[in-house]
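Engineer: Its first residue numbered -9, the sequence shown is counted upward by one per residue in my numbering.
Just so it is clear, CB atoms sit at the ideal spot from N, CA and C, and this is done for glycine as well.
Remember, predicted model here, so these are calculated numbers, not experimental data.
Quick one: structure below, then a few questions.
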Amino acid sequence: METKVKENGQAKAADTVNAKKAPQFVAGNPVNAESKKAEETKEAKPLGGEPSKINIKNSITEKIAEQRAILERHIKLGDNLARMIRYRDNLTGLIATLDHFEIALKNGMEELENNQYQGCSLTITDDKGNSFSVRNSAIIKVVAEKMNDLFADKLKEVETDIVNLIPA
-9 METKVKENGQ
1 AKAADTVNAK
11 KAPQFVAGNP
21 VNAESKKAEE
31 TKEAKPLGGE
41 PSKINIKNSI
51 TEKIAEQRAI
61 LERHIKLGDN
71 LARMIRYRDN
81 LTGLIATLDH
91 FEIALKNGME
101 ELENNQYQGC
111 SLTITDDKGN
121 SFSVRNSAII
131 KVVAEKMNDL
141 FADKLKEVET
151 DIVNLIPA
């Protein structure tokens, strides 16, 4: 800073405002009217990081649709599981009925020779009332054994499907 002596003897400081005509820099960036205008326009715009109300609404709508889809899949899974459990219960009931029938026959077999199905009859009837009957104990025995094997195999298959249906 320079000091000048006036005629009246008072010292006067140099005009520092008019002397600074070179561009000023703050942290490597020029500070002038143009940069201030750019900063003002940036402040007026909403920040890109903040979502607008429309974006929030769309996001919520998408999440609700996604949750509905998940719910529908769970309901479908529950329905399939319930259907398969009913089928399993039906097969278990058929196996139990056949087993009880065979046990009752074995208890009364003391007087019969080798085939517990002697005196039994196998009848197949359709919806129209037509029927087919067999009284041959050897045939009835083979049919009963085959039915028992089929029920057991189908029960294993259904139980495996139930286990595989449930997500881990």
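Helix, strand or coil for Ile50? Go by DSSP, reduced to three states.
Structural biologist: Ile50: helix per DSSP, three-state reduction.
Engineer: Considering Ile129, what are the terminal residues of the alpha helix (DSSP H) in which it resides?
Structural biologist: Looking at the DSSP string, the run of the alpha helix (DSSP H) that includes Ile129 is 127 to 155.
Engineer: Using a threshold of 7 Å, state whether the C-beta atoms of Ser127 and Ser111 are closer than that.
Structural biologist: No, Cβ-Cβ distance for Ser127 and Ser111 is not below 7 Å.
Engineer: So for Leu61, helix, strand or coil by DSSP?
Structural biologist: Reduced to three states, the DSSP call for Leu61 is helix.
Engineer: Could you give the distance in angstroms between the alpha-carbon of Lys47 and the alpha-carbon of Arg58?
Structural biologist: Cα-Cα distance, rounded: 16 Å.
Engineer: Which same chain residues end up closer than 6 Å to Ile152 when comparing Cβ atoms and leaving out the 5 residues on each side of it in sequence?
Structural biologist: The residues are Met74.
Engineer: At the level of alpha carbons, what is the spacing between Met137 and Pro157?
Structural biologist: Roughly 32 Å separates the two Cα atoms.
Engineer: Tell me whether Asn154 is buried or exposed, calling it buried when 16 or more other Cβ atoms sit within 10 Å of its Cβ.
Structural biologist: The residue is exposed, with fewer than 16 neighbouring Cβ atoms inside 10 Å.
Engineer: What does the Cβ neighbour count give for Lys131, buried or exposed, with the cut at 16 atoms within 10 Å?
Structural biologist: Buried: at least 16 other Cβ atoms inside 10 Å.
Engineer: Taking the continuous beta strand (DSSP E) assigned at Ser123, which residues delimit it?
Structural biologist: 121 to 124 is the extent of the beta strand (DSSP E) around Ser123.
Engineer: Inspect the beta-carbon positions of Leu145 and Leu71 and report whether they are closer than 7 Å.
Structural biologist: Going by C-beta atoms, Leu145 is not nearer than 7 Å to Leu71.
Engineer: In the DSSP output, which residue or residues are listed as bridge partners for Ile114?
Structural biologist: Beta-bridge pairing links Ile114 to Phe122.
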